[in-house]
Amino acid sequence: MFRNVQTAMTLPAAPTDMVEWSRKAANLLRAVGRAYVHGAPTEVQTRVDHLWKLASRGATLAGVLETQSKAFEQLAAASAGPLRAGIEQKVDLDRFDEAFKADLLSGREKIDAHVREALECEKDFTETAALLVEHLRHKPQCRDLF
47 MFRNVQTAMT LPAAPTDMVE WSRKAANLLR AVGRAYVHGA PTEVQTRVDH
97 LWKLASRGAT LAGVLETQSK AFEQLAAASA GPLRAGIEQK VDLDRFDEAF
147 KADLLSGREK IDAHVREALE CEKDFTETAA LLVEHLRHKP QCRDLF
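Numbers in this note's numbering are just positions in the sequence shown, counted from 1, shifted up by 46.
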């Protein structure tokens, strides 16, 4: 009965590696520091600050997604384990069925929402980094960093 639930409720793909985001942000910060020894223009500094915020938010979301995914997988695995057998003895099977499916759906919806947020964060990070790279690409002080 629950075997289809586990396979039908597959988890969405997570965004790219957060370590790579941090490396890219650090590299861009180094390039900005080289290009603007006496301080970056406000627009450039704002983009760098935004990039760091996105990298931080991305790392937080990656941790949340990992935790929620593990909890989701444990809940799905419990459907075939001894936990289910013990509960079925105490609770009417139909109610258990409905409650279990509701828990799975709720977990799936939370994960989906965080994945959407993480993917938006990734898109924003990529666009902001591309703008900074384009701005710094022609600076002679930054050529070895790109």
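Using N, Cα and C, we set each Cβ at its ideal position, and we do this for glycine too. Remember, it's a predicted structure, so these values are computed and weren't measured experimentally.
From what residue to what residue does the alpha helix (DSSP H) around residue i run?
| i | result |
| --- | --- |
| Val78 | Met64 to Ala81 |
Suppose contacts are defined by Cβ-Cβ distances below 8 Å. Is residue i in contact with residue j by that definition?
| i | j | result |
| --- | --- | --- |
| Thr172 | His96 | no |
| Leu100 | Asp158 | no |
Return the chain-ordered list of same chain residues with a C-beta closer than 7 Å to the C-beta of residue i, the five sequence neighbours on each side being excluded.
| i | result |
| --- | --- |
| Ala54 | Bear in mind that the predicted position of Ala54 carries a pLDDT of just 41, short of 50, making it unreliable; the figure below should be weighed with that in mind. Excluding sequence neighbours, Ala54 sits near nothing in its chain. |
| Leu75 | Val94 |
| His160 | Leu107, Val110, Leu111 and Gln114 |
Spatial neighbours of residue i within its chain, please: C-beta separation below 6 Å, excluding the five flanking residues on both sides.
| i | result |
| --- | --- |
| Leu182 | Ala77, Ala81 and Cys188 |
| Trp98 | Ala71 |
| Ala60 | With a pLDDT of 48 at Ala60, under the threshold of 50, the modelled position of that residue is not reliable, and no figure is offered here. |
Please list, in chain order, all residues of the same chain as residue i whose beta carbon is under 8 Å from its beta carbon, the five residues on each side excluded.
| i | result |
| --- | --- |
| Asp149 | Leu121 |
| Phe192 | Ala77, Val179, Leu182 and Arg183 |
| Gln91 | Val78 and Gly85 |
Does the ligand FMN have even one heavy atom less than 7 Å from the beta-carbon of residue i?
| i | result |
| --- | --- |
| Asp170 | With respect to small molecules bound, the structure shown includes none, and the ligand FMN cannot be examined in it. |
Check whether the region 66-83 touches the region 156-166, counting contact only when three or more Cβ pairs, one atom from each stretch, lie closer than 8 Å.
no
Please go through the region 155-181 and give each complete beta strand (DSSP E) segment of 3 or more residues, from N-terminal end onward.
none
Taking 8 Å as the threshold, find out whether the region 143-158 comes into contact with the region 106-114 through three or more Cβ pairs.
yes
With a threshold of 8 Å, are at least 3 pairs of Cβ atoms found where one atom belongs to the region 138-148 and the other to the region 96-110?
no
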